[in-house]
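Enquirer:
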Amino acid sequence: MQTYSGIILAAGESRRIPTCKQLLKIHGKAMIEIVVEKAIKSRLDEVIVVLGHEFKTIQGYVKKYVGLAKPLKIVYNPDFKNGLSTSLKAGLKAVSSESGAVIFILADQPLIQVKTINQLMEVHSSMDCLIVVPTYRGRRGNPVLVDRKLFGEIFKLKGDIGARPLIKRYVDRVVYVATDDLGVIADIDTIEDYSALVAGKFGRR
440 MQTYSGIILA AGESRRIPTC KQLLKIHGKA MIEIVVEKAI KSRLDEVIVV
490 LGHEFKTIQG YVKKYVGLAK PLKIVYNPDF KNGLSTSLKA GLKAVSSESG
540 AVIFILADQP LIQVKTINQL MEVHSSMDCL IVVPTYRGRR GNPVLVDRKL
590 FGEIFKLKGD IGARPLIKRY VDRVVYVATD DLGVIADIDT IEDYSALVAG
640 KFGRR
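First residue of the sequence shown: 440, per our numbering; consecutive thereafter.
Below you can see the structure in the form of structure tokens.
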């Protein structure tokens with residue numbers, strides 16, 4: 440039976456928010472906690488959290504989930520300042536050898552729905568594809584599922600890039616999944632984004 444790993448990318452620094460973005464509180468809970476809990480509640484077989492900036496502080500919020508409902512690993516990426524690709528690779532190194540695909544989940548997308556994560560896995564298991572990308576009202580978003588066959592390609596990536604080069608390279612093997620999930624495009628990049636989210640007005644501006 441196909442197994443799946445989730446890699447939560449939470450190593451980066453907040454460039455446009457003057458505090459540790461991963462720890463911003465949303466209704467009393469840190470953003471990283473919300474994302475981790477959703478990954479755990481999904482049908483993923485294991486969850487890997489990649490940390491870097493403010494490692495010890497953020498680790499304190501995540502380690503309580505280790506040993507609960509499913510395997511959860513915390514990985515430190517010492518090269519996080521060299522861009523997103525370094526976190527993709529750090530996460531992949533910790534993936535189970537049995538995993539048939541990974542889902543890269545951004546730590547700054549707390550609105551993502553559990554059913555969306557599950558939907559990506561369902562599509563991958565039922566179709567001949569290498570990448571599955573969710574969309575919302577025609578806009579491509581995250582998280583993105585990548586088949587094991589492309590893991591070697593990910594290790595060749597450099598700099599501050601994610602799976603976009605692979606999506607372009609393997610365009611014929613990409614499946615886009617329409618969702619009703621605003622969370623797939625709702626990145627919290629600025630204080631304005633955060634304020635709108637807390638006020639329940641994100642996406643209404």
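Don't be surprised by glycine CBs; every beta carbon is placed ideally from N, CA and C.
(1) Within the region 554-592, note down every full beta strand (DSSP E) run reaching 3 residues or more, in order along the chain.
(2) Which residue from 632, 572, 472 and 507 puts its Cα closest to that of residue 616?
(3) Could I get the ranges of all uninterrupted alpha helix (DSSP H) runs contained in the region 493-536, with 4 residues as the minimum, in chain order?
(4) Cα-Cα, which of 582, 602 and 579 is closest to residue 590?
(5) Can you name, in chain order, every residue of its own chain whose Cβ lies under 8 Å from the Cβ of residue 725, other than the five neighbours on each side?
(6) Tell me the rounded alpha-carbon separation between residue 437 and residue 631.
(7) Excluding sequence positions up to five away, which residues of its chain have a Cβ less than 6 Å from the Cβ of residue 494?
(8) What residues are listed by DSSP as bridge partners for residue 449?
(9) With a threshold of 6 Å on Cβ separation, who are the neighbours of residue 553 within its own chain once the five nearest residues in sequence on each side are excluded?
(10) Residues in the same chain with beta-carbon distance under 8 Å from residue 574, minus the five sequence neighbours each way, listed in chain order, please.
(11) Buried or exposed, going by whether 16 or more other CB atoms sit within 10 Å of the CB of residue 595?
(12) Compute the Euclidean distance between the alpha carbons of residue 517 and residue 491, then round it to the nearest angstrom.
(13) Among residues of its own chain, excluding the 5 on either side of residue 509, which ones have a beta-carbon nearer than 8 Å to its beta-carbon?
(14) Tell me the rounded alpha-carbon separation between residue 449 and residue 567.
(15) So what does DSSP say about residue 551, is it helix, strand or coil?
(16) In three-state terms, what does DSSP make of residue 539?
(17) Which stretch, first to last residue, makes up the beta strand (DSSP E) that contains residue 614?
(18) Can you pull the DSSP bridge partners for residue 442?
(19) So, using beta-carbon positions, are residue 569 and residue 605 closer together than 9 Å?
Expert: Answer, in terms of the structure:
(1) 570-575 and 583-586
(2) Locating residue 616 in the sequence shown gives position 177, where the first residue counts as 1. Among 632, 572, 472 and 507, the Cα nearest to that of residue 616 belongs to 572.
(3) 494-501 and 523-532
(4) In the sequence shown, counting from the first residue as 1, residue 590 sits at position 151. When only C-alpha atoms are compared, the closest one is 602.
(5) Outside the displayed range of the chain (440 to 644) lies residue 725, so it cannot be described from this structure.
(6) In the structure as shown, the chain starts at 440 and stops at 644, and residue 437 therefore has no counterpart that could be examined.
(7) Taking the first residue of the sequence shown as 1, we reach residue 494 at position 55. So the list reads 515, once near-sequence residues are dropped.
(8) As a first step, residue 449 must be located in the sequence shown, where it is residue number 10. Answer by DSSP bridge pairing, in chain order: 490.
(9) Here residue 553 refers to the residue found at position 114 when the sequence shown is read from its first residue. Only 477, 480 and 481 meet the Cβ criterion.
(10) Here residue 574 refers to the residue found at position 135 when the sequence shown is read from its first residue. Here the set comprises 580, 615, 616, 617, 618 and 623.
(11) Stepping through the sequence shown from its first residue, residue 595 is reached at position 156. Flag for residue 595 reads exposed.
(12) Here residue 517 refers to the residue found at position 78 when the sequence shown is read from its first residue. Here residue 491 refers to the residue found at position 52 when the sequence shown is read from its first residue. Roughly 6 Å between the two C-alpha positions.
(13) Translated into positions along the sequence shown, residue 509 becomes position 70. Around residue 509: 479, 483, 484, 485 and 486.
(14) Reading the sequence shown from its first residue, position 10 is the one you call residue 449. Reading the sequence shown from its first residue, position 128 is the one you call residue 567. Roughly 30 Å between the two C-alpha positions.
(15) Along the sequence shown, read from residue 1 onward, the residue named residue 551 stands at position 112. If DSSP states are grouped into helix, strand and coil, residue 551 belongs with coil.
(16) As a first step, residue 539 must be located in the sequence shown, where it is residue number 100. Three-state DSSP puts residue 539 in a strand.
(17) The sequence position of residue 614 within the sequence shown is 175, counting from 1. 613-618 is the extent of the beta strand (DSSP E) around residue 614.
(18) Taking the sequence shown and counting its residues from 1, the one referred to as residue 442 is at position 3. 538.
(19) Translated into positions along the sequence shown, residue 569 becomes position 130. Translated into positions along the sequence shown, residue 605 becomes position 166. A contact, by the Cβ cut-off of 9 Å.
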